[in-house]
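Below is one structure, written out as structure tokens; comments come after it.
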Amino acid sequence: MEKPMIADVQPIKTSLKEGEEYYFCTCGRAKTQPFCDGSHKGTSFKPMKFTAKATTQKWMCACKHTGNPPYCDGSHQRFTQTDIGTVPEK
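Going by the working numbering, the sequence shown opens with residue 373, and the numbers climb by one from there.
See the structure below:
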């Protein structure tokens, strides 16, 4: 199973609008983090579609290793700046 690339080692504060559909990047390759831009083409990854339940700001995962996608759960703390752009073996 392919592992996602680490896009960043800190979450991205994102404004969401109630009822809007979003496509969360799961591969880590998108230039439009935290959202999909189609960069997953040619991989086994697909974006994660979700609908905002409220108009709010949320911390979105950028390391792509959260246990609570699309939201940050602190998993990025095990990575460092040098991990950005890599696919971790851990």
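Ideal Cβ placement from N, Cα and C applies to all residues, glycine included. Just so you know, these numbers come straight off a predicted model, no measurement behind them.
task = Out of Tyr443, Val459, Gly391 and Ala424, point me to the one whose CA is closest to Ile384's CA.
result = The residue given as residue 384 occupies position 12 in the sequence shown. Ile384 has its Cα closest to that of Tyr443, out of Tyr443, Val459, Gly391 and Ala424.
What three-state label does DSSP hand Ser387 in the structure shown?
Along the sequence shown, one-based indexing puts residue 387 at 15. It is a strand residue.
Next item on the list: Return the residue from the list Cys435, Thr423 and Phe417 that minimises the CA-CA distance to Glu393.
Entry: By one-based count along the sequence shown, residue 393 stands at place 21. The shortest C-alpha separation from Glu393 is found at Thr423.
Please state whether the Cβ-Cβ distance between Val364 and Asp445 is less than 8 Å.
Residue coverage of the chain in this structure runs from 373 to 462, which leaves residue 364 outside it and unanswerable.
message: Taking the straight line between their C-alpha atoms, what separation do you get for Cys397 and Thr427?
response: As a position in the sequence shown, residue 397 is number 25, starting the count at 1. As a position in the sequence shown, residue 427 is number 55, starting the count at 1. Roughly 20 Å separates the two Cα atoms.
(Q) In the DSSP assignment, the beta strand (DSSP E) including Met432 goes from what residue to what residue? (A) Numbered from its first residue, the sequence shown carries residue 432 at position 60. Unbroken beta strand (DSSP E) run through Met432: Thr428 to Met432.
Q. When the Cα atoms are used, what is the spatial distance from Met377 to Ser411?
A. Along the sequence shown, read from residue 1 onward, the residue named residue 377 stands at position 5. Along the sequence shown, read from residue 1 onward, the residue named residue 411 stands at position 39. Rounded to the nearest angstrom, the two C-alpha atoms are 11 Å apart.
task: Give every residue of the same chain whose Cβ lies closer than 8 Å to the Cβ of Trp431, excluding the five residues on either side of it in the sequence, and list them in chain order.
output: Reading the sequence shown from its first residue, position 59 is the one you call residue 431. Once the five neighbours on either side are set aside, the close Cβ partners of Trp431 are Pro383, Ile384, Lys385, Thr386, Tyr443 and Cys444.
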